[in-house]
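Numbering (numbering that gives the first Met the number 0), first residue to last: 0 to 363. The beta-carbon is built from N, C-alpha and C at its ideal position, and this holds for glycine as well. Fair warning: this is a prediction, and the values are worked out from it, not measured in the lab. Please read the structure below before turning to the comments.
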Amino acid sequence: METAPAQADAQPTEAVVESFDAEAGSVDDNAVVAEADAANVTASIEGLTPLYQTQIKPFTASGQTIRMRATQDTEGEVVCMIKKGAWVTIYAVYPSFVLAEYEGNVGFLIRTWISEYVTVIDPETTPPYGVVFPQYVATATKAAEIYDQPSTDGAVNPIILGEGSKVAVLEFVDGFAKVLYWRSYGYIDAALLTDLIVVSTTDDPMSEDTPIAAFNSFFAYDTGAEGNDGRCKNIVRTCELMTRVLEPGESLDFNGQVGPYSYANGYFAAPVLVNGGSQLGPGGGTCQSSSTLYNTIRQLPGITVTKRRPHGPGCARYLPMHQDAAVGTTTLNLIFRNDNAYPIRILAECTGEGSLCIQIFRVQ
């Protein structure tokens with residue numbers, strides 16, 4: 000289960016959180032959204048079960064209404080206008096959009112404009128909003144390009160998966176491994192992947208070597224940007240520090256586990272936010288590690304999140320909207336408790352070249 004994110008309090012004067020323009024890369028939101036999901040997905044709820052209910056954010060910047068569209072495209076045909084604060088019912092969730100119904104109208108809404116406080120209609124059969132369940136974990140045998148469609152004719156995404164890097168695979172499509180790539184889907188030639196491991200669909204796996212949850216996120220490397228190399232090394236360092244066993248009833252305090260964020264603790268200079276601005280400091284990039292861990296633990300019903308804050312209204316762009324967890328100060332932290340009757344083992348792995356992968360195992 001999860002507690003609602005804490006309300007915004009006084010912003011700390013110093014925080015080891017990401018400066019997105021400086022170290023996550025500049026992103027054109029419209030371009031990302033336009034390519035995000037399969038073009039053949041239609042705005043129909045026939046045969047679908049309503050999953051969630053939520054409101055349109057009352058503080059959207061685009062006037063008093065938002066547009067519901069007929070396709071997953073920011074320039075798609077407008078189905079209707081929806082006022083801020085109005086309630087909508089969600090039938091399907093994609094990296095950048097949700098398929099929703101509003102007063103008899105059916106269409107797609109950009110996830111940016113819906114509230115994070117989502118009500119699950121039937122918690123017995125529906126996972127928490129935004130949870131993704133990869134089916135496999137695989138390892139790249141060599142540097143692998145990530146396409147925007149399951150074909151080598153597709154456009155190649157900027158991040159190249161490094162040799163030995165692990166990814167959490169959603170499914171295989173026409174010989175390609177489908178992965179969650181920032182706020183879209185990406186596709187990797189399956190011939191370039193090896194050591195395929197099935198993620199257990201229950202908390203009772205066949206062996207201790209079968210993960211019960213897995214997730215990966217992608218990051219840019221070798222960009223030449225100031226602090227980028229340090230950011231990659233910091234992600235690798237957090238993997239070393241967060242890999243551990245968590246006993247029943249035990250909590251993991253992310254800042255306490257991987258901190259202090261200092262040069263003495265093995266961290267490197269990378270962009271961080273200080274007094275509202277960006278500068279180089281030890282620990283930049285650690286929020287991607289905490290956010291990846293957050294997405295992994297959310298797959299497990301026996302984990303209780305007791306503290307978590309997003310990166311402000313826009314959230315972290317390397318993950319779908321509402322799926323991040325900022326860390327770095329007493330007010331910015333990720334804390335969760337293992338409420339299962341058995342220990343769990345957290346395994347975080349990163350070569351420093353494009354992918355951070357976290358798996359969770361049941362300790363028998």
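| Check | Outcome |
| --- | --- |
| Inside the segment 266 to 313 only - beta strand (DSSP E) runs reaching at least 3 residues | 268 to 273, 276 to 281, 302 to 306 |
| Cβ contact check for the segment 43 to 56 and the segment 77 to 88: 3 or more pairs under 8 Å | yes |
| For D228, the first and last residue of its enclosing alpha helix (DSSP H) | 227 to 241 |
| Own chain partners of I234 with C-beta closer than 8 Å, once the 5 adjacent residues on each side are dropped | F218, G284, T285, Q287, S288, C349, G351, L355 |
| Pick from P94, G106, K83, A143 that is closest to S114, judged by C-alpha positions | K83 |
| Local Cβ density within 10 Å of A268, reported as buried at 16 or more and exposed below that | buried |
| Cα-Cα separation, G370 to I343 | What is shown of the chain runs 0 to 363, which leaves residue 370 out entirely. |
| Straight-line Cα distance separating V119 from T125 | 7 Å |
| For Q71 and A212, believed in contact at Cβ under 8 Å, the rounded distance | Their Cβ separation, rounded to whole angstroms, is 27 Å, which puts A212 and Q71 out of contact at 8 Å. |
| S277 versus M241 - alpha carbon distance | 26 Å |
| Identity of the residues DSSP links to G106 by a beta bridge | A99 |
| Proximity below 8 Å, CB of N339 to CB of G301 | yes |
| Beta bridge counterpart(s) of L251 as assigned by DSSP | F335 |
| Cβ-Cβ distance between L191 and Q134 below 8 Å | no |
| Secondary structure of N215, DSSP reduced to three states | strand |
| Inter-residue Cα distance where the pair is G313 and P247 | 34 Å |
| V197 - containing beta strand (DSSP E), residue span | 192 to 197 |
| Secondary structure of Y128, DSSP reduced to three states | coil |
| Beta-carbon proximity list for Y101, same chain, < 6 Å, skipping 5 on both sides | I81, V87 |
| Sheet register partners of K177 (DSSP bridge) | E170, Y186 |
| F58 versus L318 - alpha carbon distance | 21 Å |
| Cross-strand partners of M80 (DSSP beta bridge) | R66 |
| Proximity below 8 Å, CB of R182 to CB of R66 | no |
| Sequence-distant residues of its chain with Cβ nearer than 8 Å to I296 (five each side left out) | A212, I302, V304, F335, I359 |
| Rounded separation between N254 and V244 - CA only | 17 Å |
| Cβ pair A143, I196 closer than 8 Å | no |
| Range of the contiguous beta strand (DSSP E) that encloses T88 | 86 to 92 |
| Option in A347, D147, E162 with minimal Cα separation from V155 | D147 |
| Integer-rounded CB distance, given that P94 should sit under 8 Å from Y184 | 6 Å |
| Proximity to G103 [Cα-Cα], best of R110, C79, V97, I109 | C79 |
| Pick from T291, V117, G46, A137 that is closest to A189, judged by C-alpha positions | A137 |
| Alpha carbon of D173 to alpha carbon of T201, nearest angstrom | 27 Å |
| F206: first and last residue of the uninterrupted beta strand (DSSP E) it sits in | Reading the sequence as shown, one finds Ser at residue 206 and not Phe. Element bounds for S206: n/a, residue is neither H nor E. |
| Residues near G106 in its chain [Cβ-Cβ closer than 8 Å; skip 5 each side] | A42, M67, R68, A69, V78, C79, L98, A99 |
| For E162, the nearest candidate out of V178, K141, L179 (CA to CA) | K141 |
| Check whether R308 and L279 have beta carbons under 8 Å apart | no |
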